[in-house]
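Student:
Residue numbers (my numbering): 1 to 467.
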């Protein structure tokens, strides 16, 4: 359609939904963002509503890919600073919290009881005390058991914590000794281990250990730290038709700004890359990275097929209500969170970021599982775009970015940043810089909505047998 020409709608089209700009024949690809998002299931006249009733996915199983590198070099800029907590391993925390990590679901209630009791320790350098219950750590096999051990070990070494109590039962497969072994080198002044079966009163013993950790945190203060020390996770929630033209491009602009300052971002949700994966593949600097990205995509497709599920069982009902019709439609919007920077590394689930720049991480699309994986990979903050809204939180500050102004205004207790302003006169570079400024403020201690609401949570990826 030529700019300036008029289009007359033949039906009502809800906000965020699609309309045909020209006649589309049955079987013809439907193009959005410059790429096909599916094919027409019937003849679609110009001006008609285009959605699940007349559009279907073109996705299939595993594919063979060719590498056509198109890499835009990043122009480095001087890194700005924020007040953070330097750690001995060279990383920087944006919070100084005390965490309680149960190794098995059997001690979840003990962890919660300790969290309640330990609120008395908050203050003078201790910014919060939080427990992270989960149902795993025993009755698991193979990869699931390894996932539990690795995620807990990663979180126990997270830079946002000034102290960690790893709380075990004593008879589980993923006990404290396993978690300690998976941690590798760690700051022994910041981590304590407790096996409940080995003490008479686990609450009393736990409080003694937490009090000792808190005492070691009392004197810690924020100092200026470069933004190059920031690692930020990028995540989509329930999307709408505006997500791919407001929130996700704004996040992509932020990602490029942070990477130019030497920082790192992590893009995950592999199933929501299906249909847009070649964009990421072409931004791989080397053949090795390209092949790792191919494996990232096809391994996840194989995971769906091995469980006898279609790989395109997405978008969700909320996505569809918001105007997302196919997985390609969602994916082409989702991947815009990565901006235009080159892919620097591809990470397995549970692997931590080692290279500055844009990283791709293997994890599913589930909000809490993916956000926890981002935190375990080293993200101190997660940016979470949403067109539908959600109150959820992860182990780290989770910034909710609305794709539309109605959501931002209606759910002020959930939404931290309004990217819908892009539809009312703001420019993309302006909003991306505003998001950068906001992230720096959060890194410096400003609470996000979920923190003010008292929300913290985690989830570990499970794909196999429960004994």
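No residue lacks a Cβ here, since even glycine has one placed at the ideal position from N, Cα and C.
Could you tell me the alpha carbon to alpha carbon distance between residue 426 and residue 437, rounded to whole angstroms?
Tutor: Straight-line Cα distance between these residues: approximately 16 Å.
Student: With DSSP as the reference, label residue 429 as helix, strand or coil.
Tutor: Residue 429: helix per DSSP, three-state reduction.
Student: Going straight from the alpha carbon of residue 556 to that of residue 93, what length do you get?
Tutor: Given a span of 1 to 467 for the chain in the structure shown, any question on residue 556 remains unanswerable.
Student: Can you tell me whether residue 123 is helix, strand or coil according to DSSP?
Tutor: Of the three classes helix, strand and coil, the one that applies to residue 123 here is strand, per DSSP.
Student: Check residue 385 in the structure and name its three-state DSSP category.
Tutor: Residue state, collapsed to three classes: strand.
Student: Mind checking whether residue 214 and residue 163 have CB atoms under 9 Å apart?
Tutor: In contact: residue 214 and residue 163 (Cβ atoms closer than 9 Å).
Student: For the region 334-353 against the region 366-378, are there 3 or more C-beta pairs whose distance is under 8 Å?
Tutor: The region 334-353, when compared against the region 366-378, does touch it at the 8 Å Cβ threshold.
Student: Which complete beta strand (DSSP E) runs does the region 235-291 hold, if anything under 3 residues is left out?
Tutor: 264-267, all fully within the region 235-291.
Student: Residue 34: which of 309, 207 and 245 sits nearest, CA to CA?
Tutor: Residue 245 is the option with its Cα nearest to residue 34.
Student: Suppose contacts are defined by Cβ-Cβ distances below 9 Å. Is residue 95 in contact with residue 161 by that definition?
Tutor: The answer is yes: Cβ separation under 9 Å.
Student: For residue 423, count the other beta carbons within 10 Å of its own beta carbon; 16 or more makes it buried, fewer makes it exposed. Which is it?
Tutor: By the 10 Å Cβ count, residue 423 comes out exposed.
Student: With the cut-off set at 9 Å, would you say residue 182 and residue 459 are in Cβ contact?
Tutor: Not a contact, by the Cβ cut-off of 9 Å.
Student: What separation, rounded to the nearest whole angstrom, lies between the Cα atoms of residue 483 and residue 6?
Tutor: Examination of residue 483 is not possible in this model, given that the chain is present from 1 through 467 alone.
Student: Determine the direct distance from the alpha carbon of residue 43 to that of residue 382, and round the result to whole angstroms.
Tutor: If I take the Cα positions, the gap works out to 42 Å.
Student: By a C-beta neighbour count over all protein chains shown, 10 Å radius and 16 as the cutoff for buried, is residue 158 buried or exposed?
Tutor: Label assigned to residue 158: buried.
Student: Between 329, 307 and 97, which lies nearest to residue 221 when the distance is taken from Cα to Cα?
Tutor: That would be 97, whose Cα lies nearest to the Cα of residue 221.
Student: Between the C-alpha atoms of residue 217 and residue 124, what's the straight-line distance to the nearest angstrom?
Tutor: The straight-line gap from Cα to Cα measures roughly 8 Å.
Student: Could you please give the first and the last residue of the uninterrupted beta strand (DSSP E) stretch that includes residue 39?
Tutor: Note, residue 39: beta strand (DSSP E), 35-40.
Student: Looking at C-beta atoms only, is the number of pairs between the region 291-301 and the region 336-350 that lie closer than 8 Å three or more?
Tutor: Yes: at least three Cβ pairs fall under 8 Å.
Student: Within 8 Å, do at least three Cβ pairs link the region 391-408 to the region 167-184?
Tutor: Result no; under three Cβ-Cβ pairs closer than 8 Å.
Student: Residue 80 and residue 226 - do their beta-carbons sit closer together than 9 Å?
Tutor: Against a cut-off of 9 Å, the Cβ pair of residue 80 and residue 226 comes out as a contact.
Student: Alpha carbon to alpha carbon, how far is residue 54 from residue 256? Give it in angstroms, no decimals.
Tutor: Cα-Cα distance, rounded: 37 Å.
Student: Note down the Cα distance separating residue 434 from residue 200, rounded to an integer number of angstroms.
Tutor: Straight-line Cα distance between these residues: approximately 53 Å.
Student: Considering residue 97, what are the terminal residues of the beta strand (DSSP E) in which it resides?
Tutor: That run of the beta strand (DSSP E) goes 97-102.
Student: In this structure, does DSSP put residue 418 in helix, strand or coil?
Tutor: Looking at residue 418 - three-state DSSP - the assignment turns out to be strand.
Student: Between which residues of its own chain and residue 468 is the CB-CB distance below 7 Å, once the five residues before and five after are set aside?
Tutor: Examination of residue 468 is not possible in this model, given that the chain is present from 1 through 467 alone.
Student: Measure from the alpha carbon of residue 280 to the alpha carbon of each residue in 416, 360 and 28, then state which is nearest.
Tutor: Closest by alpha carbon: 360.
Student: Based on DSSP bridge pairs, tell me the residues matched to residue 32.
Tutor: DSSP lists 35 as partners of residue 32.
Student: Classify residue 16: buried if its beta carbon has 16 or more other beta carbons within 10 angstroms, exposed otherwise.
Tutor: When all chains shown are included, residue 16 counts as buried.
Student: Below 8 Å, can you find three or more Cβ-Cβ pairs linking the region 261-279 to the region 230-249?
Tutor: Verdict: yes, contact present.
Student: Taking residue 163 as part of the beta strand (DSSP E), name the residues at either end of that continuous run.
Tutor: It spans 161-168 - the beta strand (DSSP E) in which residue 163 sits, taken as one unbroken run.
Student: What distance in whole Å lies between the Cβ atoms of residue 388 and residue 241, which are believed to be in contact at a cut-off of 8 Å?
Tutor: Actually they are not in contact, since the Cβ atoms of residue 241 and residue 388 sit about 11 Å apart, beyond 8 Å.
Student: My understanding is that residue 323 touches residue 14, with C-beta atoms under 8 Å, so please give their C-beta distance in whole angstroms.
Tutor: Indeed they touch by this definition, with Cβ atoms about 7 Å apart.
Student: Within this structure, are the beta carbons of residue 468 and residue 31 separated by less than 9 Å?
Tutor: The question about residue 468 has no answer here: the residues shown for the chain are numbered 1 through 467.
Student: Could you spell out the range, first to last residue, of the beta strand (DSSP E) harbouring residue 177?
Tutor: Counting along the chain, residue 177 falls outside any beta strand (DSSP E), though it belongs to the alpha helix (DSSP H) covering 176-183.
Student: Using only CA atoms, which one of 369, 393 and 310 lies nearest to residue 59?
Tutor: Nearest C-alpha to residue 59: 310.
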